[in-house]
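Each residue of the sequence shown is one higher than the one before, counting from 9 in the numbering used here.
C-beta atoms are modelled at their ideal positions from N, C-alpha and C, and glycine is treated no differently.
Since the model is a prediction, treat every value here as computed from it, not as a measurement.
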Amino acid sequence: MSETERYRDALLKIAELARKATQEYKPSEREHGNGHGRVVVTPASRGGCSLKVLPSRLLVKAAEVARKINPVNAPQAGPMAAVGADLPLDPLRIALLTSKYWGPATRELTVSFMESAPADLRARIVSHLNAWATSGGVSFIETNGTGDIRISRGPGGYWSYLGTDVKLIPTDEPTMNLEGFTMSTPDSEYSRVVRHEAGHTLGFPHEHMRRELVARIDPDKAYAYFLATQGWDKETVDQQVLTPLDDQSIFATPADQTSIMCYQLPSSITRDGQPILGGLDINVTDYVFAGLIYPKFNFEDLEAVRKTKPKPGEDVAASMGQVGVKDWGAARDPQLSM
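And the structure:
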């Protein structure tokens, strides 16, 4: 068995454990209430996240980088996955089926800031990025040089690139934006926004774009709502809210509307008149999932979880983040040695 196959085998087992963990966990009202049993949904006007993706010319290259960093990012059986789905066998299609998770080995991602910021602010932001390290084996550390993760606090709202895509961003461009964050920003916003964007950097897409949750949203009401609260046109709403993720993601777990990766959406835009709660902070299933995908031990130790195979017929394909494209021009694309 090759090293790539061993990685895939181990991660498939981890994915199965993650599914079981999320199926067994039921969030309590206390976890998502105001202390009086009433659920409070934060309006999107407080600042929704627009997940950034690369210019189309870099999608295939980004898939190659993702597979090199973590072989499990590749779709199962390579082109055979597309054959089974009656899809064209072209590099772009394979790129769209490639996830952007970092490898299962423990690692540090370096962080730098695009604008001058006081030390206490930088430390506060990095500490919230590292909330995921409570259970996961990926941590963030500030560097005086150019970081893997480059944070701006300039105009443009809140956004991040997905996982290993940050490797394709020019080093003088940010990979994450936290518009207007200062030491006066409430800690609840640090938990809601910074930890959410860190989740994208770890490769986690938007949870509210899971098919079960998208099906609950009334498109016409969503268009009007996001135009009024975010200034988004129809195309942007389609891209950021109404296009469901691939059901066959390698790490797919049951949809969790209280995940930190889920938008808070009001009852006024849902078909059933019930809000999509959204996450105000990393919840228990988020922590469990991060710990299983990014274990705090070396790959050799994963051999212990290889004894149980995934269920027959388990599909392994990958989800892709939704669009919010920024193009800096081909001349500035980083030159990576593969």
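Pairwise C-alpha distance: Y169 and A339: Rounded to whole angstroms, A339 to Y169 spans 20 Å at the Cα level.
Span of the beta strand (DSSP E) around Y231: Looking at the DSSP string, Y231 is not in any beta strand (DSSP E); the run it does join, the alpha helix (DSSP H), is P227 to Q238.
Residue of L62, S275, F234 and G211 minimising C-alpha distance to F297: Minimum Cα distance to F297 is reached at G211.
Beta carbon of E197 nearer than 7 Å to that of M269: Pairing E197 with M269 gives a Cβ-Cβ distance that is not under 7 Å.
Buried versus exposed call for G299 [16 or more other C-beta atoms within 10 Å across all chains shown]: Classification for G299: buried.
Length of the line joining the Cα atoms of Y271 and N185: 17 Å
CA nearest to the CA of P303, picked from P178, G145 and V202: Of the candidates P178, G145 and V202, the one whose C-alpha sits nearest the C-alpha of P303 is G145.
Beta-carbon proximity list for R200, same chain, < 6 Å, skipping 5 on both sides: L288
Reference T114, options L235, M122 and S147, closest by Cα: S147
Exposure of G207, with buried meaning 16 or more beta-carbon neighbours within 10 Å: buried
Touching by the beta-carbon criterion (3+ pairs, under 8 Å), the segment 175-191 and the segment 235-245: Judged by Cβ distances under 8 Å, the segment 175-191 makes no contact with the segment 235-245, as fewer than three pairs qualify.
Among F234, S135, L235 and I159, the one whose alpha carbon lies nearest that of D195: Of the candidates F234, S135, L235 and I159, the residue whose Cα lies closest to the Cα of D195 is S135.
Cutoff 6 Å; reference S120; Cβ partners in own chain excluding five residues on either side: T151, T154, G155 and R158
Rounded Cβ spacing between V73 and T172 (contact assumed at less than 8 Å): 6 Å
T266 to C57 span [Cα, whole Å]: When rounded, the distance between both Cα atoms is 16 Å.
C-beta contact flag for R203 and T278 at 7 Å: no
Which listed residue (G286, Y295, A70 and S64) has its alpha carbon closest to that of V249: G286
N- and C-terminal bounds of the alpha helix (DSSP H) containing F297: V292 to I301
Whole-angstrom distance between I77 and I301, CA atom to CA atom: Approximately 14 Å between the Cα atoms of the pair.
Residue interval of the alpha helix (DSSP H) (run including R203): R203 to T209
Residues near Y295 in its chain [Cβ-Cβ closer than 7 Å; skip 5 each side]: T142 and S143
Cross-strand partners of Y169 (DSSP beta bridge): K60
Length of the line joining the Cα atoms of L137 and I149: Using only the alpha carbons, I get a separation of about 9 Å.
Inter-residue spacing [alpha-carbon to alpha-carbon] between L273 and A139: 24 Å
Alpha-carbon spacing of S192 relative to D128, whole angstroms: 12 Å
Where D264 falls, given that 16 or more other Cβ within 10 Å makes a residue buried: buried
Nearest-angstrom Cβ-Cβ length linking A71 and L176, presumed shorter than 8 Å: That belief does not hold up - the Cβ atoms of A71 and L176 are roughly 10 Å apart, past 8 Å.
Bridge-paired residues (DSSP) for L285: For L285, which the question treats as bridged, DSSP gives no partner whatsoever.
Own chain residues within Cβ distance below 8 Å of P126, not counting five before or after: M191
One or two residues paired with T118 in a DSSP bridge: Residue pairing for T118: DSSP places it in a beta bridge opposite I149.
Counterpart residues of S160 in DSSP-defined beta bridges: N185
Counterpart residues of T278 in DSSP-defined beta bridges: As computed with DSSP, T278 is found in a beta bridge with I225.
Proximity of P283 and S275 at Cβ, strictly below 7 Å: yes
Whole-number beta carbon distance between P252 and R219, since they are thought to touch under 8 Å: About 4 Å separates the two Cβ atoms, so the contact holds.
Classification of A230 by the beta-carbon crowding that lies within 10 angstroms, buried from 16 upward: buried
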